[in-house]
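K.L.:
Once you've had a glance at the structure underneath, I'll fire off some questions.
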Amino acid sequence: MKQFKKISRLAFATVACSMALLFTAPNFTIPVSAAASTGTETVSPQADVKRWVYEEREDGWWKRLYNTTRGVWEGDWIYVGPSNS
17 MKQFKKISRL
27 AFATVACSMA
37 LLFTAPNFTI
47 PVSAAASTGT
57 ETVSPQADVK
67 RWVYEEREDG
77 WWKRLYNTTR
87 GVWEGDWIYV
97 GPSNS
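Pasting the structure below:
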């Protein structure tokens, strides 16, 4: 029984110290003026915008990658599959 009281006192003291440290820790915040955008910055894309272009030919469907940012084709035509019609 004495050992149980000793362990429970130690546990209570540990929890009390932990709670005291938790509530006394400094709280850092960023001022609103530093976090908000002023509207003077410009956004520039970091990656090119690309899209697949599909074409139906006599032998089936083909696709090719087109870079819309630079206006150039990337790669060769790739056969996709037969046409349904």
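The sequence shown begins at 17 in the numbering used here and counts up by one.
Beta carbons: idealized from backbone N, C-alpha and C, even for Gly.
#1: With DSSP as the reference, please indicate the residues paired to residue 83 in a beta bridge.
#2: So what's residue 59 in DSSP terms, helix, strand or just coil?
#3: What is the rounded straight-line gap between the Cα of residue 98 and the Cα of residue 65?
#4: Measuring only the C-alpha atoms, how far is residue 70 from residue 80?
#5: Does the separation of the CB atoms of residue 89 and residue 82 fall below 8 Å?
P.N.:
With the given structure in hand:
#1: Note: residue 83 sits in a beta bridge opposite 66, 88.
#2: Of the three classes helix, strand and coil, the one that applies to residue 59 here is coil, per DSSP.
#3: Looking at the two C-alpha atoms, the distance is approximately 28 Å.
#4: When only Cα atoms are considered, residue 70 and residue 80 end up about 7 Å apart.
#5: Yes, Cβ-Cβ distance for residue 89 and residue 82 is below 8 Å.
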